[in-house]
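In this note's numbering, the protein residues as written are 274 to 717.
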Amino acid sequence: MNAPALMPLTARRDGPLRGRLRAPGDKSISHRALILGAMTVGESLVHGLLEGEDVLRTAAAMRALGARLERREDGVWCIRGVGIGGFRQPAAPLDFGNSGTGCRLALGAVAGCPVTASFDGDASLRKRPMRRVLDPLERMGARIVAGAQDGRLPLTLQGARDPLPVTYESPVASAQLKSAVLLAGLAAPGETTVIENEATRDHTERLLKHFGAKITVKPFGERGRRIVLKGQPELEPASITVPADPSSAAFPLVAALIVPGSDIILEAVMTNPLRTGLITTLRDMGAQIDIVDKRGDGGEEVADLRVRAGPLKGVEVPAARAPSMIDEYPILAVAAAFAEGTTRMQGLQELRVKESDRLAATADMLRANGVDVAIEGDDLLVHGKGRAPGGAEVATRMDHRIAMAALVMGLAAENPVRIDDGAFIATSFPGFVDLMHSLGADVA
Ligand code: S3P
Numbered sequence: 274m275n276a277p278a279l280m281p282l283t284a285r286r287d288g289p290l291r292g293r294l295r296a297p298g299d300k301s302i303s304h305r306a307l308i309l310g311a312m313t314v315g316e317s318l319v320h321g322l323l324e325g326e327d328v329l330r331t332a333a334a335m336r337a338l339g340a341r342l343e344r345r346e347d348g349v350w351c352i353r354g355v356g357i358g359g360f361r362q363p364a365a366p367l368d369f370g371n372s373g374t375g376c377r378l379a380l381g382a383v384a385g386c387p388v389t390a391s392f393d394g395d396a397s398l399r400k401r402p403m404r405r406v407l408d409p410l411e412r413m414g415a416r417i418v419a420g421a422q423d424g425r426l427p428l429t430l431q432g433a434r435d436p437l438p439v440t441y442e443s444p445v446a447s448a449q450l451k452s453a454v455l456l457a458g459l460a461a462p463g464e465t466t467v468i469e470n471e472a473t474r475d476h477t478e479r480l481l482k483h484f485g486a487k488i489t490v491k492p493f494g495e496r497g498r499r500i501v502l503k504g505q506p507e508l509e510p511a512s513i514t515v516p517a518d519p520s521s522a523a524f525p526l527v528a529a530l531i532v533p534g535s536d537i538i539l540e541a542v543m544t545n546p547l548r549t550g551l552i553t554t555l556r557d558m559g560a561q562i563d564i565v566d567k568r569g570d571g572g573e574e575v576a577d578l579r580v581r582a583g584p585l586k587g588v589e590v591p592a593a594r595a596p597s598m599i600d601e602y603p604i605l606a607v608a609a610a611f612a613e614g615t616t617r618m619q620g621l622q623e624l625r626v627k628e629s630d631r632l633a634a635t636a637d638m639l640r641a642n643g644v645d646v647a648i649e650g651d652d653l654l655v656h657g658k659g660r661a662p663g664g665a666e667v668a669t670r671m672d673h674r675i676a677m678a679a680l681v682m683g684l685a686a687e688n689p690v691r692i693d694d695g696a697f698i699a700t701s702f703p704g705f706v707d708l709m710h711s712l713g714a715d716v717a
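This is the structure in structure tokens:
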């Protein structure tokens, strides 16, 4: 098979950005809605699902495991699930493409079922660590029967016939890891407990509650949580509305801050406090972001954001804030280049194991475009000068967020910024280029 053609794109400085935009549905919630729907007997409806490639891979995996998923003509997804422990043995390996979230959550869901399934992904996903998830799943009774060399894909997992509940203290701040244990714990008798020392996004906990599971969440230590799930619940079919993804809205948001004269509205962005670290940080930098019309929507808070361009200043971003903005560092680093002064982003070790080594990729993207940047240990330092020369081609390394961050930089840099391949943008933000056009951006 021929390798797919590369899709280079170039972003250029032009007039101010104006208008309203609704970012696509939240990626984290979309994966979880499909998986929990597939584990529920009866029909669940999902409104506003992110139809990005990552989530479509999860949909395909849930079908291969026996659930029925259909997209209705009105865009609503209808899921008929098979119940906890009800997955059937898939006929072929489950291919998660570029998606760490889909893969790790599905590993958890399968670990509690008496089936054997193979998991694989693209070249980027094959480099990412799976051991962190496999360790607790093995403790719960699942077995690796093939692969998992160096703790990576491809691998074959045999789910537990009689899964054991565990108390698991997570060694890394990872919502994927927490969620994998909780999804496996659904099939175990008794209580499965996850202790996290740093609170991470809590969409699994909220959705489990929404589907009728008994789950309690209590503070743990200074910044952590203790989550207790009662196993073998009768999940009830649910209707879910997926709010706009703050991690996708982040790109037009920063574009509007750094393109002079811009004034835009981002509609219905999820403002779950475990996802709003970027907004906090940008406001510290002096950004004009008004939160308008805060409201509830399907168990999550959403709000419209009015964003206006203006001067930014460098700040310190504490490591403790990382879990609430873990996917936003590439675009924050772009904002920091256009700020005056140094921004130090602390404690970014987890960025090294994302779709690319995002710490290196972010630094290289900025450096190639004339920005003064350094990595010190796990910290990223950007010495902002209120401007960026631009003019380079950025290697996107199969990483959608590096691709979008580089294009946003090009909208405000002195010279155009080109990326080698925009194809991966569709994993999380299908329609990105068209939506940016609708604001007046020059990306082609
Ligand atoms: C996600 C958790 C984060 C994040 C990813 C989505 C999730 O990963 O980077 O894009 O939906 O749980 P980690 O759990 O590895 O930090």
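For each residue, glycine too, the CB sits at the ideal point set by N, CA and C.
Span of the alpha helix (DSSP H) around Ser303: Run containing Ser303: 300-311, per the alpha helix (DSSP H) assignment.
May I have a chain-ordered list of the beta strand (DSSP E) segments no shorter than 3 residues that lie completely inside the region 663-711? Entirely contained in the region 663-711, the beta strand (DSSP E) runs reaching 3 residues are, in chain order, 690-692.
Please list, in chain order, all residues of the same chain as Ser317 whose beta carbon is under 6 Å from its beta carbon, the five residues on each side excluded. The residues are Gly310, Ile352, Pro510, Ala511.
Determine whether the beta carbon atoms of Leu605 and Val580 lie at a separation below 8 Å. For Leu605 and Val580, no; Cβs fall outside 8 Å.
Classification of Ala453 by the beta-carbon crowding that lies within 10 angstroms, buried from 16 upward: Around the Cβ of Ala453, a 10 Å sphere holds 16 or more other Cβ atoms; the residue is buried.
With DSSP run on the structure shown, which of helix, strand or coil describes Ala717? Correct three-state label for Ala717: coil.
Using CA coordinates, which residue listed in Glu346, Phe369, Gly321, Gly348 is at the minimum distance from Arg336? For the set Glu346, Phe369, Gly321, Gly348, the Cα lying nearest the Cα of Arg336 is the one of Phe369.
Measuring only between beta-carbons, confirm whether Gln622 sits less than 8 Å from chain B. Of the protein chains in this structure there is only one, and it is not chain B.
In chain order, what residues of the same chain have a beta carbon less than 7 Å from the beta carbon of Pro703, not counting five sequence neighbours either side? Result list for Pro703: Pro297, Glu324, Gly325, in chain order.
Could you give the DSSP three-state label for Arg405: helix, strand or coil? Three-state DSSP puts Arg405 in a helix.
Which residues neighbour ligand 1 when neighbourhood means a C-beta less than 5 Å away from any of its non-hydrogen atoms? List them by chain order. Counting every residue whose Cβ lies closer than 5 Å to a heavy atom of ligand 1, we get Ser301, Thr374, Ser447, Ala448, Gln449, Ile599, Asp600.
Is the beta carbon of Pro603 closer than 8 Å to that of Ile675? Yes, the Cβ-Cβ distance between Ile675 and Pro603 is below 8 Å.
Distance between Arg670 and Ile698 (C-alpha atoms, nearest Å): Taking the straight line joining both Cα atoms gives about 12 Å.
Any idea what DSSP makes of Asp423, helix, strand or coil? Residue state, collapsed to three classes: helix.
Residue of Leu307, Thr313, Gly315 minimising C-alpha distance to Gly321: For Gly321, the closest of Leu307, Thr313, Gly315 by C-alpha to C-alpha distance is Leu307.
Who are the Cβ neighbours of Gly534 in its own chain at under 8 Å, not counting the five residues just before and after it? Closer than 8 Å at Cβ, skipping near neighbours: Gly288, Pro289, Ala582.
Can you give the Cα-Cα distance for Ala612 and Ser597, rounded to whole angstroms? If you take the alpha carbons of Ala612 and Ser597, they lie about 22 Å apart.
Nearest-angstrom beta carbon gap, Pro277 and Pro366 [assumed within contact, 8 Å]: Between Pro366 and Pro277, the beta carbon gap of about 20 Å keeps them out of contact (Cβ cut-off 8 Å).
Given Gly375, which residues of its chain have a CB within under 8 Å of its CB, disregarding the five upstream and five downstream residues? Excluding residues within five positions, the ones whose Cβ falls inside 8 Å are His304, Asp327, Val328, Arg330, Thr331, Ala334, Phe369.
Would you grab the beta carbon distance between Ala523 and Glu601 for me? Rounded to a whole angstrom, and I think it's under 8 Å. At roughly 5 Å, the Cβ-Cβ gap stays under 8 Å, so Ala523 and Glu601 are in contact.
Looking at the structure shown, is Glu346 part of a helix, part of a strand, or coil, going by DSSP? In the structure shown, Glu346 adopts coil according to DSSP, grouped into three states.
State whether the region 627-645 contacts the region 655-670, with contact taken as three or more CB pairs (one from each stretch) at a distance under 8 Å. With a cut-off of 8 Å on Cβ pairs, the region 627-645 is in contact with the region 655-670, counting three or more such pairs.
Taking all protein chains shown into account, do 16 or more other C-beta atoms lie within 10 angstroms of the C-beta of Met274, making it buried, or fewer, making it exposed? Reliability fails at Met274, whose pLDDT of 48 lies under 50, so the model's placement of it is uncertain and the value that follows must be treated cautiously. When all chains shown are included, Met274 counts as exposed.
Going by DSSP, name the residue or residues bridged to Ile648. Leu653.
Could you give the residue range of the alpha helix (DSSP H) that holds Gln561? Boundaries around Gln561 are those of the beta strand (DSSP E), 561-570, since no alpha helix (DSSP H) includes it.
Just to confirm my understanding: we take Gly292, look at its own chain, exclude 5 residues before and 5 after, and list those with CB closer than 8 Å. What are they? Answer for Gly292: Ile537, Ile538, Ser711, Leu712, Gly713, listed in chain order.
So, at 8 Å on beta carbons, what are the nonlocal neighbours of Lys487 in its own chain, with the 5 sequence-adjacent residues on each side left out? Short of 8 Å from the beta carbon of Lys487, and not among the five residues preceding or following it, lie these beta carbons of its own chain, in chain order: Leu502, Lys503, Pro506.
In chain order, which beta strand (DSSP E) runs of at least 3 residues are fully inside the region 553-626? Within the region 553-626, the complete beta strand (DSSP E) runs of at least 3 residues are 561-570, 573-581, 613-618.
In its own chain, which residues sit with a C-beta less than 6 Å from the C-beta of Ala636, not counting the 5 before and 5 after it? Val646, Ile648.
Given Ile562 as reference, the closest of Thr466, Ala390, Ala284, Asp577 once Cα atoms are compared: Comparing alpha-carbon positions, the option among Thr466, Ala390, Ala284, Asp577 lying closest to Ile562 turns out to be Asp577.
Spatial distance of Val532 from Ser521 (CA atoms): Going by the C-alpha atoms only, they are around 18 Å apart.
Compare the Cα-Cα distances from Thr389 to each of Gly373, Val406, Gly358 and report the closest residue. Closest option to Thr389, Cα to Cα, is Gly358.
Taking the alpha carbon of Ala415 as the reference point, which residue from Val439, Asp423, Thr553, Leu398 has its own alpha carbon closest? Looking at Val439, Asp423, Thr553, Leu398, the one whose alpha-carbon comes closest to that of Ala415 is Val439.
Can you give me the start and stop residues for the alpha helix (DSSP H) that Ser443 sits inside? Counting along the chain, Ser443 sits inside no alpha helix (DSSP H), nor does DSSP assign it H or E at all.
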